[in-house]
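Student: In my numbering, the protein residues as written are 16 to 334. Ideal Cβ positions, reconstructed from N, Cα and C, are used throughout, including at glycine. So that we are looking at the same thing, I have put the structure below in structure tokens.
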Amino acid sequence: MTTTNTKTIPGDARTDTGLDVVTGAFSYSGRAIARRLLAGDRRVRTLTGHPQRAEAGAAIEVRPLCFSDMPALARDLEGVTTLYNTYWVRFAHGDTTHAQAIENSRTLFHAARQAGVQRIVHVSITNPTIESPYPYFRGKALVERALAETGVPYAILRPAILFGDDGVLINNIAWLLRRLPVFGVGGRGDYRIRPIHVDDLASLCLDVAARPDDMIIDAVGPDRLTFIELVHAIRAAVGSRARVVQLPGWLLPPISAILNRALHDVLLTSDEYHAMAAGLADTEGPSTAPTAITDWVAEHGPTLGKHYANELERHFREP
Numbered sequence: 016m017t018t019t020n021t022k023t024i025p026g027d028a029r030t031d032t033g034l035d036v037v038t039g040a041f042s043y044s045g046r047a048i049a050r051r052l053l054a055g056d057r058r059v060r061t062l063t064g065h066p067q068r069a070e071a072g073a074a075i076e077v078r079p080l081c082f083s084d085m086p087a088l089a090r091d092l093e094g095v096t097t098l099y100n101t102y103w104v105r106f107a108h109g110d111t112t113h114a115q116a117i118e119n120s121r122t123l124f125h126a127a128r129q130a131g132v133q134r135i136v137h138v139s140i141t142n143p144t145i146e147s148p149y150p151y152f153r154g155k156a157l158v159e160r161a162l163a164e165t166g167v168p169y170a171i172l173r174p175a176i177l178f179g180d181d182g183v184l185i186n187n188i189a190w191l192l193r194r195l196p197v198f199g200v201g202g203r204g205d206y207r208i209r210p211i212h213v214d215d216l217a218s219l220c221l222d223v224a225a226r227p228d229d230m231i232i233d234a235v236g237p238d239r240l241t242f243i244e245l246v247h248a249i250r251a252a253v254g255s256r257a258r259v260v261q262l263p264g265w266l267l268p269p270i271s272a273i274l275n276r277a278l279h280d281v282l283l284t285s286d287e288y289h290a291m292a293a294g295l296a297d298t299e300g301p302s303t304a305p306t307a308i309t310d311w312v313a314e315h316g317p318t319l320g321k322h323y324a325n326e327l328e329r330h331f332r333e334p
């Protein structure tokens with residue numbers, strides 16, 4: 016296994032029309048990957064927990080993502096050139112847990128090996144470690160290890176924070192800044208982040224899919240700004256008059272919990288704040304994607320945060 020830093024090369028060097036599978040092609044990063052594959056005349060199939068979201072006449076083949084039936088998973092992966100895996104859970108909810116997501120990922124990888132999938136491109140997270148106190152980062156590290164143990168050639172991409180398209184985090188920060196007189200930042204807000212545009216992540220996924228070697232890459236954009244700098248950039252872009260205040264770190268999770276109840280959503284978890292404050296959304300390596308979040312926020316300010324993006328409705332509630 017090698018750890019590699021690379022510059023993004025847009026597009027896919029392959030010109031054949033083989034079959035690729037994307038988990039969650041109706042969700043956020045999965046949709047961006049599927050869109051790029053279709054633009055390159057690839058045949059695309061999705062394994063999804065939301066098959067009812069498929070649009071009539073869509074070019075994507077749809078199969079249910081059923082982890083309890085490995086033979087069916089293997090059949091749906093037969094003849095596949097590349098499996099692009101975006102499956103994960105952001106937070107535990109109901110019967111959905113990080114422990115379950117780890118086991119589900121193992122099942123998916125073993126089904127891919129059984130089916131003869133040629134390569135797996137897996138979307139992980141920056142700074143995963145098995146010793147992490149945060150279930151998200153610890154779980155991601157265990158999934159990376161499970162992938163390496165399958166023997167299937169792989170590429171692991173490690174993004175920190177995604178933005179662009181209909182992403183949740185940046186949009187909802189803007190939504191709050193448009194509506195609240197005060198916006199609280201935990202601690203001094205000087206913890207750094209390395210956001211990547213979701214389309215840049217998709218381009219990077221297609222790039223590494225065409226390579227032969229096992230690799231791990233930090234998928235990060237050119238900006239390495241502090242969180243409070245990001246908040247001020249969004250504030251300026253949307254024309255907010257909200258006062259940005261620094262709060263004791265211990266106070267932010269209970270405030271977020273109040274907002275969660277008011278919005279019927281999970282805006283920010285305690286682990287997410289503490290992990291970001293601990294620097295886990297930051298890397299010191301070179302950029303592997305071209306789009307700067309500061310430029311993107313400035314360009315999209317007039318429409319950013321006009322509507323709230325509800326995470327629970329997207330992933331756990333069906334219309």
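#1: Straight-line CA distance for ALA293 to LEU172?
#2: Just to check my reading of the structure: SER120 and ALA161 have Cβ atoms closer than 8 Å, yes? What is that Cβ distance to the nearest angstrom?
#3: Between ARG46 and the rest of its own chain, which residues show a CB-CB distance below 7 Å, the 5 nearest in sequence each way excluded?
#4: For LEU327 and LEU80, I'd like the C-alpha separation in whole angstroms.
#5: Could you tell me which of LEU282, ASP310, ALA252 sits nearest to PRO317, measuring between CA atoms?
#6: On the three-state DSSP scale, how would you describe HIS289?
#7: If LEU192 and ARG258 are in contact, beta carbons under 8 Å, what's the gap, nearest whole angstrom?
#8: Does the Cβ of GLY199 lie closer than 6 Å to at least one heavy atom of the ligand NAD?
#9: Looking at the secondary structure, which residues open and close the beta strand (DSSP E) in which VAL37 lies?
#10: Would you mind working out which of ASP222, GLY204, LEU184, ARG239 sits nearest ALA324, comparing C-alpha positions?
#11: At which residue ranges does the segment 167–251 contain complete beta strand (DSSP E) runs of 3 or more residues, listed in the order of the chain?
#12: Per DSSP, which residues does ASN100 bridge with? Please list them.
#13: Can the beta-carbon of THR303 be found less than 7 Å from the beta-carbon of VAL235?
#14: Comparing C-alpha positions only, which one of HIS125, TYR43, GLU70, PRO148 sits nearest to SER285?
#15: Between the Cα of SER42 and the Cα atoms of ARG58, PRO66, LEU53, ALA54, which residue gives the shortest distance?
#16: Tell me where the alpha helix (DSSP H) around ARG90 begins and ends.
#17: Taking three-plus beta-carbon pairs below 8 Å as touching, is the segment 200–219 in contact with the segment 262–281?
#18: Given this structure, state the Cα-to-Cα distance separating HIS247 from ARG58, to the nearest angstrom.
#19: Where does the unbroken alpha helix (DSSP H) through MET67 begin, and where does it stop?
#20: In three-state DSSP terms, what is LEU283?
#21: Could you check where the beta strand (DSSP E) with GLU76 kicks off and where it finishes?
Tutor: Taking the structure as given:
#1: Reading the sequence shown from its first residue, position 278 is the one you call residue 293. Reading the sequence shown from its first residue, position 157 is the one you call residue 172. C-alpha separation (whole angstroms): 21 Å.
#2: Locating residue 120 in the sequence shown gives position 105, counting from the first residue. Locating residue 161 in the sequence shown gives position 146, counting from the first residue. Between ALA161 and SER120 the Cβ distance is about 6 Å, and since that is below 8 Å, they are a contact.
#3: The count along the sequence shown starts at 1 and reaches residue 46 at position 31. For ARG46, where only same-chain residues beyond five positions count, the Cβ hits under 7 Å are ALA40.
#4: Position 312 of the sequence shown, counting from 1, holds the residue named residue 327. Position 65 of the sequence shown, counting from 1, holds the residue named residue 80. Distance between the alpha carbons of LEU327 and LEU80: 19 Å.
#5: Translated into positions along the sequence shown, residue 317 becomes position 302. Nearest option by C-alpha distance: ALA252.
#6: Position 274 of the sequence shown, counting from 1, holds the residue named residue 289. HIS289: helix per DSSP, three-state reduction.
#7: Translated into positions along the sequence shown, residue 192 becomes position 177. Translated into positions along the sequence shown, residue 258 becomes position 243. That pair is no contact at about 10 Å.
#8: This structure does not include the ligand NAD; it has no bound ligands of any sort.
#9: For the purposes of this step, residue 37 is taken as the residue at position 22 of the sequence shown. That run of the beta strand (DSSP E) goes 34–38.
#10: Counting from 1 along the sequence shown, the entry for residue 324 is found at position 309. Of the listed residues, the one whose Cα sits closest to ALA324 is LEU184.
#11: 169–174, 176–178, 197–201, 210–212, 230–234
#12: Position 85 of the sequence shown, counted from the first residue, corresponds to residue 100. ASN100 pairs with HIS137.
#13: Numbered from its first residue, the sequence shown carries residue 303 at position 288. Numbered from its first residue, the sequence shown carries residue 235 at position 220. A contact, by the Cβ cut-off of 7 Å.
#14: By 1-based counting over the sequence shown, the position of residue 285 is 270. The option with the nearest alpha carbon to SER285 is PRO148.
#15: Here the question's residue 42 lines up with position 27 in the sequence shown. The shortest C-alpha separation from SER42 is found at PRO66.
#16: For the purposes of this step, residue 90 is taken as residue 75 along the sequence shown, with counting starting at 1. 85–91 is the span of the alpha helix (DSSP H), which, as asked, contains ARG90.
#17: yes
#18: Within the sequence shown, residue 247 is the residue found at index 232, counting from 1. Within the sequence shown, residue 58 is the residue found at index 43, counting from 1. Between HIS247 and ARG58, the C-alpha separation is close to 42 Å.
#19: For the purposes of this step, residue 67 is taken as residue 52 along the sequence shown, with counting starting at 1. Reading the sequence as shown, one finds Gln at residue 67 and not Met. It is not in any alpha helix (DSSP H) - GLN67 carries neither H nor E in the DSSP assignment.
#20: In the sequence shown, counting from the first residue as 1, residue 283 sits at position 268. DSSP places LEU283 in coil when its eight states are reduced to three.
#21: For the purposes of this step, residue 76 is taken as residue 61 along the sequence shown, with counting starting at 1. It spans 76–79 - the beta strand (DSSP E) in which GLU76 sits, taken as one unbroken run.
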